[in-house]
Amino acid sequence: MFKHIAAATLAISSLTACQNMDVAGMVGAASSLFQAATVSDEQIQALAVSSQQQLDSQNKIAPAGSKYTTRLARVTRNLRSYQGTPLQFKAYLNPEVNAFALPNGSIRVYSGLMDKMTDDELLFVLGHEVGHVIEGHSKAQARSSMLTLAAQQAGAASGVPILSTLSGSELGALANGLVTAQYSQSHEYAADAFGLKVLREQGRDKSAAVSALRKLESLSEGSASVFSSHPDSGKRADRIAAM
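The working numbering puts the sequence shown at residues 1352 to 1594.
See below:
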């Protein structure tokens, strides 16, 4: 907390040395920086809902009755909620190999990834994403993204409150940041363990987790896949195999 307050103070004090800068705007931006550092869970959930709505409107969702929606419903039939957190799964008709989770329990998987995975492998990947929600990783990522935006506002002296009046482009940037989130190695390992837990709870073998990560390792080589920025999938597969 001290570091966040100091950062806000620095944003204000550095302004006094510049004659041509917007003082009121800079103070407002610094206040936004502090607000982001102290953002509540309710505000993060509101951001997640807004991001979900924007992302769903920008992507083609597999319609009811499609092979992707039918398969996704079958794979997740025992995963509609976890530890009291409702989960909502949808498939995007997109050839990219991708999946992501938002802090409100919205999980999206691309048809390109579904095409590459068996049902058990897909269950592991989705369980991994559920882990990011339940373990609070996606929430932490959202908070970090909001803090980054507040810092940018401070630099531009925009003075725009980070939560109450986000522009469309700012909301889009935050939503995209949640999709392309680069979690730490420890968070990825924890989410892997969670995905493995989901497999075991549903009577599936851990080999599905290992093979899913092997596939992601192969697919990420020389590609722009979101998984190419994750910690080495091969090492993660070895880690699970040794469990």
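Glycine included, C-beta positions come from ideal geometry on N, C-alpha and C.
Quick check: what's the CA-CA separation for Ile1591 versus Leu1500? 36 angstroms
Euclidean distance between Cα positions of Arg1555 and Lys1490: 28 angstroms
How is Lys1548 classed by DSSP in three states: helix, strand or coil? helix
Near Ala1399, what residues of its chain come up, given a Cβ to Cβ distance below 6 angstroms and the 5 sequence neighbours on each side ignored? Leu1453, Pro1454 and Asn1455
Glu1480: which of Asn1445, Asp1583 and Gln1439 sits nearest, CA to CA? Gln1439
Roughly how many angstroms lie between the CA atoms of Tyr1540 and Ser1402, to the nearest whole one? 26 angstroms
Alpha helix (DSSP H) segment containing Ile1591, residue limits: Ser1584 to Ala1592
Comparing alpha-carbon positions, which option in Ser1569, Leu1564, Val1426 and Ser1571 lies nearest Arg1587? Leu1564
Taking the alpha helix (DSSP H) that Arg1422 falls in, what are its first and last residues? Lys1418 to Val1426
Thr1499, DSSP secondary structure in three states: helix
Beta-carbon gap between Ala1493 and Leu1444 smaller than 9 angstroms: no
Quick one: what's Ala1450 bridged to in DSSP? Val1460
Closest Cα partner of Ile1485 within the set Leu1498, Asp1583, His1538 and Asn1410: His1538
Tell me Pro1437's beta-bridge partners as DSSP assigns them. Ser1432
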